Amino acid sequence: MISLIGRTLVLAALGACAVGAVSGFVGGARRDADALRITRFMANAFGALMVAATLLMEWALVTHDFSVSYVAAVGSLSTPLHITLVSLWSSLNGSILFWGCVLGGGTLAFTRHVKEHDPQHASYALGSLLSVGLFFAFLVAGIANPFAPTEGLIPTDGPGPNPLLQNHLLMIIHPPSLYLGYVLMAVPYAMAAAALLAGRLEATWMRLLRRWMLFAWAFLSLGILLGGWWSYEVLGWGGYWAWDPVENASFMPWLTATAFLHSAMVMERQGQLKGWTLTLAMSTFLLTLLGTFMTRSGVFNSVHSFTQSSIGPVFLGFIALVLIASVVLLAARLDALTANDKATEDGVVSRESAFLLNNLLFVAFTFTVLLGTLFPLIKEALTEERISVGEPYFNRMSLPVCVGILFLMGVGPSLPWGNTSGARAWSRLRLPLRAAAAGAVLG
Numbered sequence: 077m078i079s080l081i082g083r084t085l086v087l088a089a090l091g092a093c094a095v096g097a098v099s100g101f102v103g104g105a106r107r108d109a110d111a112l113r114i115t116r117f118m119a120n121a122f123g124a125l126m127v128a129a130t131l132l133m134e135w136a137l138v139t140h141d142f143s144v145s146y147v148a149a150v151g152s153l154s155t156p157l158h159i160t161l162v163s164l165w166s167s168l169n170g171s172i173l174f175w176g177c178v179l180g181g182g183t184l185a186f187t188r189h190v191k192e193h194d195p196q197h198a199s200y201a202l203g204s205l206l207s208v209g210l211f212f213a214f215l216v217a218g219i220a221n222p223f224a225p226t227e228g229l230i231p232t233d234g235p236g237p238n239p240l241l242q243n244h245l246l247m248i249i250h251p252p253s254l255y256l257g258y259v260l261m262a263v264p265y266a267m268a269a270a271a272l273l274a275g276r277l278e279a280t281w282m283r284l285l286r287r288w289m290l291f292a293w294a295f296l297s298l299g300i301l302l303g304g305w306w307s308y309e310v311l312g313w314g315g316y317w318a319w320d321p322v323e324n325a326s327f328m329p330w331l332t333a334t335a336f337l338h339s340a341m342v343m344e345r346q347g348q349l350k351g352w353t354l355t356l357a358m359s360t361f362l363l364t365l366l367g368t369f370m371t372r373s374g375v376f377n378s379v380h381s382f383t384q385s386s387i388g389p390v391f392l393g394f395i396a397l398v399l400i401a402s403v404v405l406l407a408a409r410l411d412a413l414t415a416n417d418k419a420t421e422d423g424v425v426s427r428e429s430a431f432l433l434n435n436l437l438f439v440a441f442t443f444t445v446l447l448g449t450l451f452p453l454i455k456e457a458l459t460e461e462r463i464s465v466g467e468p469y470f471n472r473m474s475l476p477v478c479v480g481i482l483f484l485m486g487v488g489p490s491l492p493w494g495n496t497s498g499a500r501a502w503s504r505l506r507l508p509l510r511a512a513a514a515g516a517v518l519g
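Here the sequence shown stands for residues 77 to 519, numbered as in the working numbering.
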């Protein structure tokens with residue numbers, strides 16, 4: 077019975093996404109209030125249905141309903157209750173369902189948030205967000221269906237979750253923190269897409285976009301810190317970070333999200349870098365999708381990856397689709413977005429210039445980590461030769477970039493906005509630079 081009800085809830089969520097995505101784009105293009113009302117209703121329905129399906133799976137886990145295939149795969153009568161509850165995200169199918177649940181909850185919150193904002197932006201954003209939801213509802217309903225009935229004889233007990241996921245209490249909070257950070261990046265992506273589709277980016281919309289990015293960035297930061305703590309507890313000194321592919325997967329969107337937050341400050345203050353800021357928002361979401369693919373596809377051998385599955389090609393196809401859509405949107409609509417911008421004159425030595433250089437270093441850091449992470453996989457696919465890129469590469473390549481970022485973190489906020497004279501800049505930087513030089517000498 078749980079299998080049937082769960083599958084029905086997910087299929088209903090899939091239908092709500094399909095209708096809501098279409099009505100969202102139609103409502104945005106035609107500025108149709110009725111279409112927007114339909115989109116809001118479908119967004120709320122999608123969120124409620126995905127949350128309900130997840131709660132139903134938790135009930136199946138707690139009651140040890142081994143007639144559900146996912147419970148038979150990860151459940152056990154001897155597993156403690158708190159581990160039973162968090163076994164929802166201990167394996168592929170359950171983790172994808174949890175992905176959909178977080179996205180559903182985020183959609184519910186976002187739908188409420190944009191109620192008082194520009195209807196065209198809201199309609200396009202909800203349509204984009206439901207398009208993402210459509211893919212994940214499709215995964216849960218199909219290839220990663222956790223509600224599938226158990227084949228053959230229903231067991232009286234199961235193996236329980238992977239033992240590696242039961243050795244620390246951080247299992248309860250580390251994965252959800254990362255999921256919140258990953259999944260909620262879909263909201264800034266949808267808002268950036270809405271601004272491009274509408275051809276304008278108003279100050280109120282930008283502030284809301286920045287707040288959502290900051291919210292997701294905070295959870296992603298917490299998840300990375302908790303992961304390092306967990307690794308340290310298990311592996312000892314030096315084990316908190318090893319440039320593991322899945323560690324890198326969470327680090328890359330953190331870098332671009334941090335760059336976005338800096339760039340958004342310049343945009344809100346000076347009205348500059350609109351295209352760059354939206355590009356960073358879209359890139360961050362793409363990197364979270366890549367991170368999910370790396371974690372759950374089984375293409376990387378990692379201490380963090382517990383699954384071998386056939387989900388990889390489908391997920392890779394979705395990443396390619398989102399990438400193409402993002403590039404086309406930026407190429408086609410960026411000129412309309414920046415058409416009415418006022419030209420401003422900035423000095424070489426200014427806060428804007430420091431923030432822009434800081435952004436470029438963050439992006440260079442991201443590319444360095446991406447290259448080191450994916451190169452062995454690409455090399456093996458092309459030549460069938462296995463190589464590894466280890467800590468020496470990452471440490472050597474990241475050190476100069478990190479020094480530059482730290483320097484600009486100290487210098488940038490000290491510089492004035494806009495065009496300024498060298499004498500004025502020196503008056504602001506003189507004391508900090510002298511203190512830094514003294515510290516370096518004494519150190």
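Glycine included, every Cβ here is placed at the ideal spot set by N, Cα and C.
In this text the structure is predicted, and so the values were computed from the model without any measurement.
| request: Can you say whether Glu323 is buried or exposed, counting buried as having 16 or more other CB atoms within 10 angstroms of its CB? | output: buried
| said: For Phe214 and Leu298, I'd like the C-alpha separation in whole angstroms. | reply: Roughly 29 Å between the two C-alpha positions.
| Using the C-alpha atoms, what's the distance from Gly351 back to Phe336? | Rounded to the nearest angstrom, the two C-alpha atoms are 11 Å apart.
| Local conformation of Val379 per DSSP, three classes | For Val379, the pLDDT reaches just 48, beneath the cut-off of 50, and the residue's location in the model is therefore unreliable, leaving the point undetermined.
| CA-to-CA distance, Ala513 to Tyr255, given in whole angstroms | 42 Å
| task | Tell me whether Arg372 is buried or exposed, calling it buried when 16 or more other Cβ atoms sit within 10 Å of its Cβ. | result | Arg372 comes out buried.
| request: Run the CB neighbour count on Pro17, radius 10 Å, all protein chains shown included, and call it buried at 16 or more, exposed below. | output: One cannot answer for residue 17 here, as it falls past the ends of the chain, which runs 77 to 519.
| request: Could you tell me whether the stretch 173-182 touches the stretch 125-132, using the rule of 3 or more Cβ pairs below 8 Å? | output: Taking a cut-off of 8 Å on C-beta distances, the stretch 173-182 touches the stretch 125-132, as three or more cross pairs fall below it.
| message | According to DSSP, simplified to helix, strand and coil, what is Val144? | response | strand
| query | Whose C-alpha, out of Ala121, Gly104 and Met261, is nearest the C-alpha of Ala357? | reply | Met261
| field | Start and end residues, alpha helix (DSSP H) containing Lys455 | value | Arg427 to Thr459
| query | Nearest-angstrom Cα distance between Met485 and Ala105? | reply | Across the structure, Met485 and Ala105 are spaced so that their CA atoms are roughly 42 Å apart.
| message | I'd like to know whether the C-beta atoms of Ala271 and His197 end up nearer to each other than 8 Å. | response | Between Ala271 and His197, the gap from beta carbon to beta carbon is short of 8 Å.
| query | If you drop the 5 nearest sequence neighbours on each side, which residues of the same chain put their C-beta closer than 6 Å to that of Ala457? | reply | In its own chain, leaving out the 5 sequence neighbours on each side, no residue places its CB closer than 6 Å to the CB of Ala457.
| Coarse secondary structure for Pro69, derived from DSSP in three states | Because the chain spans 77 through 519 in this model, residue 69 falls outside it and cannot be assessed.
| task | Classify Cys478 as buried or exposed, calling it buried when 16 or more other Cβ atoms lie within 10 Å of its own Cβ. | result | exposed
| Taking the alpha carbon of Leu87 as the point to measure from, which residue in Val517, Val465 and Gly218 has its own alpha carbon closest? | Gly218
| Beta-carbon contacts of Arg83 that lie in its chain and below 6 Å, excluding the five residues immediately before and after | Short of 6 Å from the beta carbon of Arg83, and not among the five residues preceding or following it, lie these beta carbons of its own chain, in chain order: Phe223.
| Opposite Pro225 in the DSSP bridges: which residues? | Answer by DSSP bridge pairing, in chain order: Val144.
| said: So, under 8 Å CB-CB, Ser474 and Phe443 are touching, yes? Tell me the CB distance rounded to an integer number of Å. | reply: With a Cβ gap of about 11 Å, Ser474 and Phe443 do not count as contacting.
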